[in-house]
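Residue numbers (our numbering): 355 to 747. Backbone N, C-alpha and C fix where the C-beta goes; we use that ideal spot for every residue, glycine too. Keep in mind the model is a prediction, meaning the values are calculated, not measured.
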């Protein structure tokens, strides 16, 4: 479906070229642009109390858990995750149902209508996040969970000023945009918290924790440190989500509902599904730590060794990230996500079409390395990640 909103999105952000501007350092342009657009639209984000989540990994999982806990407490909940898997309508989930294309187009058209001499620079992710906020406000959602795209204070969502923020974990990633200083990365990601907010923070390397403490003290932000050291990533995300949700529910004077997060499968994260005669584990692991965690989980998920299909977006190096997985799989294939790549012993190259053909053959598989690859595979196999129930063993 096309319309004025979608036309504006492509013309102003070039979303059909997903690798554009990837290598440039972050600046405040997107945040300033969307802050001005939001103000022109009446600041829709102010109408829906939100949990705003940043971090190097675990953002999506924490966001999903937090939204589920809010819903279990009887609230109508909006959830905006980034990136999406199969459809960008997943970036505006209302009570865990994708927004209609009509609602997406309407929200984007509203944004386009006030884009006149606005300073700063729009991005695709930021436009979809603001569209989600408009949809949530118009639907009278009582709470929302918003996932940062990249960074934090200088992310396109950095203007939100949410009452509760979360910094999940920090590691060196997206260095072209965020730099190589780990403490600096932590400060950027913690920068989503503004005066009067509460920042829930997982265990960080000591220099990062000190930097975040200093930032919070200087801004008048309450810091709630959660000990996630030694936990599996999913368990750490559960703890962070529970803490953040308790804080927001307390602000809203809403009683917390009962929900066992351990029973949930987060779409595209350690997500094992049956497709025909295949069992496929979809996991968007794309950092060193998340790849290491996936390596440990494979033996629990499969009796034997599955076939690996791996792909990652630049500037990540697939040959470096894939290394820890090789001992745990029977065969390994890489799907180039952009441009050429070097060959590696024991690793074959597949086109996206060949990868889908392979996944339709009986066997055990793991698809990982990028949420973009996970989403492409799910969509090609007819999986609707937020509508179908995951079939885990």
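Cβ-based burial, residue 674 [other Cβ within 10 Å; buried from 16]:
exposed
Separation of residue 508 from residue 381, as counted between CA atoms
6 Å
Does the structure place the region 651-658 close enough to the region 424-437 that three or more beta carbon pairs sit under 8 Å?
no
Sort out for me which residues DSSP pairs residue 555 with in a bridge.
DSSP output for residue 555 lists 521, 579 as bridge partner(s).
Spatially closest choice to residue 558 from 470, 456, 544, by CA coordinates:
544
Under 6 Å Cβ to Cβ from residue 514, same chain only, skipping five residues before and after it: list those, please.
399, 406
Would DSSP call residue 726 helix, strand or coil?
helix
Cα separation between residue 572 and residue 565?
11 Å
To the nearest angstrom, how far is it from the Cα of residue 495 to the Cα of residue 417?
16 Å
Within 9 Å, strictly: CB atoms of residue 633 and residue 719
yes
Three-state secondary structure (DSSP) at residue 636?
Under the three-state reduction of DSSP output, residue 636 falls in the strand class.
Please name the residue or residues paired with residue 664 in a DSSP beta bridge.
According to DSSP, which records beta bridges pairwise, residue 664 is partnered with 688, 722.
Check whether the Cβ atoms of residue 554 and residue 521 sit closer than 9 Å, and answer yes or no.
yes
Tell me the DSSP bridge mates of residue 407?
501, 520
Figure out for me which residue from 578, 616, 641 has the closest Cα to the Cα of residue 525.
641
Please go through the same chain and pick out, in chain order, the residues whose beta-carbon is closer than 8 Å to the beta-carbon of residue 506, but skip the five residues on each side of it.
408, 512, 521, 542, 543, 544, 545, 546
Return the Cβ separation of residue 637 and residue 722 in integer angstroms, given the expectation that the two are a contact with Cβ distance under 8 Å.
Approximately 5 Å separates the beta-carbon atoms of residue 637 and residue 722; this is inside 8 Å, confirming the contact.
Give the DSSP-derived three-state secondary structure of residue 627 in the structure shown.
Residue 627 falls in the strand class under three-state DSSP.
Helix, strand or coil at residue 452 according to DSSP, with G and I counted as helix:
strand
Please confirm whether residue 662 and residue 683 have their CB atoms less than 9 Å apart.
yes
So is residue 726 buried or exposed if we call it buried at 16+ other beta carbons inside 10 Å?
buried
Is the separation between the beta-carbon of residue 441 and that of residue 414 shorter than 9 Å?
no
Kindly indicate which three-state DSSP category residue 479 falls into: helix, strand or coil?
helix
Which listed residue (456, 740, 639, 706) has its alpha carbon closest to that of residue 618:
740
Could you compute how far the alpha carbon of residue 358 sits from the alpha carbon of residue 667?
30 Å
For residue 551, which option in 488, 702, 602 has the closest C-alpha, if you only look at C-alpha atoms?
Looking only at 488, 702, 602, the smallest Cα-Cα distance to residue 551 is reached by 602.
Provide the residue(s) that pair with residue 432 in DSSP beta bridges, ordered along the chain.
According to DSSP, residue 432 bridges with 448, 498.
Could you compute how far the alpha carbon of residue 392 sits from the alpha carbon of residue 701?
The straight-line gap from Cα to Cα measures roughly 47 Å.
Let's see if you can read the secondary structure: which residues bound the beta strand (DSSP E) around residue 703?
Counting along the chain, the beta strand (DSSP E) containing residue 703 begins and ends at 701-703.
Where the alpha helix (DSSP H) containing residue 361 begins and where it ends:
358-367
Beta-carbon contacts of residue 402 that lie in its chain and below 8 Å, excluding the five residues immediately before and after:
432, 487, 490, 491, 495, 496, 497, 498
Using DSSP with H/G/I as helix, E/B as strand and the rest coil, what is residue 474?
coil
Boundaries of the alpha helix (DSSP H) in which residue 569 is found, first to last residue:
For residue 569, the enclosing alpha helix (DSSP H) starts and ends at 560-573.
Please report the residue range of the alpha helix (DSSP H) in which residue 541 lies.
536-544
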